[in-house]
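Data first, discussion second: the structure below is written as structure tokens.
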Amino acid sequence: MKKYSLEILTFLTFGMVTGCAVFYDSMTILQKTMLAYMFLFTIHEWEEIRLPGGFAQLMAKFFGFELTPEKEQKAHIPVVVLILFMTFIPFFTQWNILALVPVYLGFMEGFIHVAGIKIHKMLKPYTPGMVTAICMFAVSVYTVHLFSAQDIAHGSTFAWGVLATFLCFAAMQRTVIAIMGMGYRDVIARFRKKA
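So for the sequence shown, this note's numbering puts the first residue at 81; every next one is plus one.
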């Protein structure tokens, strides 16, 4: 699985999107939104990893850890699990709090990739994954408006969504960091040295 995690993600998400387009007559706004994020996060992974790829190498260089091909492959598994968890479960359960996780991560991805131009001292105004990250940011802006207008989410739901996003992202990130042989203290210490 570790070698083909991106292909497995692509097969599952594109299969879901295509299957719903062909066989699902009526979907809720929340379900349509989750399909959009399945597609966006999948192509985002392709841009970060393969086309053109190189985002993991940027992070490894920034934090100063060794990135072997095996570690990189293993590190993608928690990301794939998170993408499937945060899109498939809300699609089938209509749970609006969990549906906000990809929305907020869309904001985060847009910010991180644009800020990454300066952080990583890129020669060109681009970081691997930035085009799809900006698309996700734009979709997230629209989704927040749509969820509010359609009363899918309101004040307290948006707040609980922030907590759910933090917990989901932290669980994924902690696993990735552990695969790299580090803990949060190591990451914070190395970040302070760079700041």
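Note that beta-carbon positions come from the ideal geometry of N, C-alpha and C, so glycine has one too.
Is residue i buried or exposed, if buried means 16 or more other CB atoms sit within 10 Å of its CB?
| i | result |
| --- | --- |
| L185 | buried |
| T209 | Going by the sequence as given, residue 209 is Gly instead of Thr. Looking at its Cβ environment, which holds 16 or more other Cβ atoms inside 10 Å, G209 is buried. |
| L173 | Note that residue 173 corresponds to Thr in the displayed sequence, not to Leu. Label assigned to T173: exposed. |
| A233 | buried |
Rounded to whole angstroms, what's the CA-CA distance from residue i to residue j? Just pull it up for me.
| i | j | result |
| --- | --- | --- |
| E128 | V102 | 29 angstroms |
| F227 | G261 | 40 angstroms |
| C100 | I109 | 13 angstroms |
| S85 | D105 | 30 angstroms |
| Y222 | E152 | 33 angstroms |
| M202 | M107 | 42 angstroms |
| S236 | Y117 | 23 angstroms |
| Y264 | K273 | 14 angstroms |
| D231 | C215 | 24 angstroms |
| Q111 | G133 | 30 angstroms |
| A239 | P149 | 38 angstroms |
| V211 | K198 | 16 angstroms |
| A229 | F249 | 27 angstroms |
| A140 | T113 | 33 angstroms |
| K204 | K83 | 30 angstroms |
Suppose contacts are defined by Cβ-Cβ distances below 8 angstroms. Is residue i in contact with residue j by that definition?
| i | j | result |
| --- | --- | --- |
| G241 | L162 | no |
| V256 | P158 | yes |
| A155 | I259 | yes |
| L138 | H200 | yes |
| L131 | V219 | no |
So residue i packs on residue j, CB below 8 angstroms; how close in whole Å?
| i | j | result |
| --- | --- | --- |
| M166 | L147 | No, M166 and L147 are not in contact; Cβ-Cβ is about 25 angstroms, not under 8 angstroms. |
| L92 | L164 | 7 angstroms |
| F187 | F217 | 6 angstroms |
| V183 | V224 | 6 angstroms |
| T207 | G196 | 4 angstroms |
| T122 | F94 | 7 angstroms |
| H124 | A213 | 6 angstroms |
Determine the closest residue to residue i out of the options, with distance taken between C-alpha atoms.
| i | options | result |
| --- | --- | --- |
| A269 | G144, V221 and T98 | G144 |
| V97 | M107, K83, F249 and L115 | L115 |
| N176 | A244, Q253, F249 and A250 | A244 |
| T90 | G133, W126 and K83 | W126 |
| Q253 | K198, Q111, K204 and A136 | A136 |
Between residue i and chain D, is any beta-carbon pair separated by less than 8 angstroms?
| i | result |
| --- | --- |
| H225 | Absent from the structure is chain D; it holds one protein chain and no more. |
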